[in-house]
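Notes follow the structure.
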Amino acid sequence: MIEGCGTCLCSDAGTRGTGGAGSWIREPCENSSAIGQGHLARRAMEPKSKTLPRLVHVAYSFGLGGAQARIMQLIERLGGEFQHVLVARNGDYEAASRIPASHGTVKLGAGHPVPRDLWSWRKYLASLKPDLLLTYNWGAIDAAAAARLHRLCPVIHTEDGFGAEEAKRIKRRRVWFRRLVLSGIYKTVVPSRTLLKIALEQYRLPAHRVAWIPNGVDSERFCPGPRQQAREHLGLRKDWVWFGYVGGLREEKQLDLLVDAFHRSNTEATGLVLVGSGPEEQKLRQLVDRLGLEQRVVFAGPQERVERWYQALDVFVLASMTEQMPLSLLEAMATGLAAVVTDVGDCSLLLGTRQWPEVVPPGDPVAMARALRQLAQDSELRRTLGEKNRRRAIEHYPLERMVQTYRELYSEALRVGRFGP
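In this text, residue positions in the sequence shown follow our numbering: the first is 2, and each later residue adds one.
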C-alpha cells in the first residue's frame, strides 16, 4: 500500500498494489501532485471510436506493480471493446508504458488538480463522462464514494490487499467506511479467498455485491527457458543455485528477513536476486553490506522483461507479512520454479500445500533459512516442485479465463444500467 498525506478522506495510508512482478511506486504527497501530470501524460490519445463504452480507472498510482500489471493486461487483452481512461492520484503512469502505442483506446487523465472532497470528485469524474467507473483499493475509495453518492454511473471497486499499516489488523474506521461505500456500488472484486472472507464477514457486504476473480497468468510468456543462457545474458554465475524475489522493495515484503534467512542458510555457491525497487532499497543494501553478502546478493532494479529473470532462477521466495494472491508467485510457478513462501493470504492455496519447505510461518527467518538450505542442496526436489507448480498455474490460473470473467462483469454492469441491481 502507498502512504498518503493524511489530509483527505482516503489518504492516511492509501493502497499500494500487491504482489507480483513488482510494485515500484514513487510516493509524493497527494496534495502536492496533480492528476495525470506524470511523464506519460504526453501519451494521451483519442479513442478509436466515440461509441465504445468508456471505462474510467482510478487508482492512487499506476506505477509498476502486480495489481497495475493485471489492469494493463486486461486493457490490452480487451482490445478495442472499450475506451479506457486512467486516473492516477499521484501522477505515476509508469505501468501504462507497457501498453503498445498502437492501442489507441487509452487516455490518461491530465492537467487536473487532485480532488480533495466528494464534491470535487463528483465534478472531476463527471467531466470524464464514464459509462463505468473502476476504482482500486483504499487510495481510490473516495472516488467510488463520490460516484455512489451522486449516482454518476455503475461502480466496480477492486480490493487487492493491504499495506504494512494493516498487515496484522485492518483499521476499524476503514472497515466502517468500506462497508458504507461498497455496500451500495455495483460490485466489489477480490482476487483471493482471504479477501472474499473479509468482504463478506468484516465489511458485511451482500454476497451478490462481491465477485471473486482469481488472478491469471500468461503461461506462454512465463515459461521455462534455457537457464544457463539466461544467466549468461544477465551476468549471473552459471554454477550457483539462485534464489529470487520479484516485486516492490517495501516494508511489508519483509525483505530484510529474506536477506537474513539467506545469510542464515549458510550455503555455498548460492545467490539471491532482488528484482524491483522501492523505499526499503537503501536499508537492504546496508544490511547486505553489513552481513558481507555484497558478492552474493544482486539488486536488479525494475525490469521490463522480467520473464528472463524468472528463467535464470532456481527458487522463488516470498517472505511477506501480508499478501493476497501475488501475481509474482503465479509468474514464478508458470516458469516452473520451486517456491518458498510465508503462510499468508492465498499463497499456500496457490501452491496447493501448507507443508515445509514450500510454506513457512511469517516472521520466522530460521524456518525460512532451513527451507532455503534444503532446496539449495536438493536439485531433484527443486525439479519436482517446479514441474508441479507449472501444472497448477496452467490448470487453475489461466490468463484468458480471468480476462473473460472481467469482460463479462464489465458488460453486465453496462447492460444493467446506471445504478445496478
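For each residue, glycine too, the CB sits at the ideal point set by N, CA and C.
As a quick exercise: from the options, pick the residue whose alpha carbon is nearest that of residue i.
i      : options                        : result
SER241 : LEU376, ARG71, TYR204          : It should be noted that the sequence gives Trp, not Ser, for residue 241. The shortest C-alpha separation from TRP241 is found at LEU376.
VAL107 : LEU331, LEU87, HIS397          : LEU87
PRO303 : GLY249, LEU328, ARG90          : GLY249
VAL316 : ILE214, GLU388, HIS151, LEU56  : GLU388
ALA208 : PHE223, SER184, GLN230         : SER184
TYR94  : LEU109, GLU82, GLN84, PRO101   : LEU109
GLN69  : ALA89, GLU166, THR52           : ALA89
LEU126 : LYS239, LEU153, LEU400         : LEU153
VAL510 : ILE186, ALA320, ILE199         : Outside the shown range of the chain, which is 2 to 422, sits residue 510, and nothing can be said about it.
ASN216 : ASP257, LEU288, GLU160         : GLU160
LEU235 : ALA270, PHE300, GLU401, VAL191 : PHE300
GLY66  : LEU201, ARG228, GLY162, ARG238 : GLY162
SER412 : TRP120, ASP132, PHE63          : ASP132
TYR61  : GLU381, ASN91, ARG78           : ASN91
GLY346 : LYS172, GLN378, PRO192         : PRO192
ARG402 : ALA200, GLY64, LEU79           : LEU79
Ends of the alpha helix (DSSP H) at residue i?
i      : result
VAL260 : 256-266
HIS151 : Neither: HIS151 is in no alpha helix (DSSP H) and is coded neither H nor E.
ALA313 : 307-313
Enumerate in chain order the residues of its own chain whose CB-to-CB distance from residue i is below 8 Å, with the five nearest sequence positions on each side excluded.
i      : result
VAL182 : ILE142, ALA145, ALA146, ARG149, HIS158
TYR311 : PHE223, GLY245, VAL247, PHE317, GLU332, ALA333, THR336, LEU338
ASP374 : Sequence check: residue 374 is Arg here, not Asp. Only SER266, ASN267, THR268 meet the Cβ criterion.
LYS130 : ARG55
LEU410 : ILE157, LYS188, VAL190, ALA212, ILE214
GLU282 : LEU250, PHE300
PRO399 : GLY217, VAL218, SER220
ASP344 : ARG355, VAL360, VAL361, PRO362, PRO363
PRO280 : GLU28, LEU250, ARG251, GLU252
GLU305 : ARG99
Using a Cβ-Cβ cutoff of less than 6 Å, which residues in the same chain neighbour residue i once the five nearest sequence positions on both sides are dropped?
i      : result
HIS58  : LEU87, LEU135
TYR246 : LEU275, VAL318
LEU273 : PHE244, PHE263, VAL298
MET322 : ALA168, GLU253, GLN255, PRO363
PRO116 : TRP122, TYR125
ALA309 : Residue identity differs from the one stated: residue 309 is Arg in this sequence, not Ala. These residues qualify, in order along the chain: ALA231.
MET73  : ALA96, ARG99, ILE100
LEU196 : GLU160, GLN325
LEU53  : PHE83, GLN84
GLY226 : GLN312
ARG180 : TYR204, ARG205
GLU295 : VAL289
LEU292 : HIS264
Tell me the DSSP secondary structure of residue i in three-state form.
i      : result
TYR61  : coil
GLY81  : helix
LEU285 : helix
ALA320 : coil
LEU135 : strand
ARG123 : helix
LEU250 : coil
ARG55  : strand
PHE178 : helix
LEU292 : coil
LEU330 : helix
SER34  : Any reading at SER34 must be qualified, since the residue scores a pLDDT of 37, below 50, and its modelled position is unreliable; no value is offered.
Whose C-beta lies closer than 7 Å to the C-beta of residue i among residues of the same chain, with five residues either side of it excluded?
i      : result
SER128 : none
ALA394 : VAL218, SER220, LEU331, MET334, ALA335
TYR187 : PRO155, VAL156, ILE157, ALA414, GLY421
THR406 : ILE214
LEU350 : ARG194
LEU75  : VAL404, TYR407
GLU396 : none
ALA372 : VAL341, TRP357, PRO358, VAL361
GLY353 : ARG393
In the DSSP assignment, the beta strand (DSSP E) including residue i goes from what residue to what residue?
i      : result
VAL191 : 188-191
LYS108 : 107-109
TRP241 : Looking at the DSSP string, TRP241 is not in any beta strand (DSSP E), and its letter there is neither H nor E.
GLY272 : 271-276
PHE300 : 298-302
Report task. Pick out the complete beta strand (DSSP E) segments inside the stretch 335-410, 3 residues or longer, and give them in chain order. Result -> Counting whole runs of 3 or more residues, the stretch 335-410 contains the beta strand (DSSP E) stretches 339-343.
**Report entry** beta strand (DSSP E) segments (min. 3 residues) lying fully within the stretch 181-231
**Finding:** 188-191, 211-213
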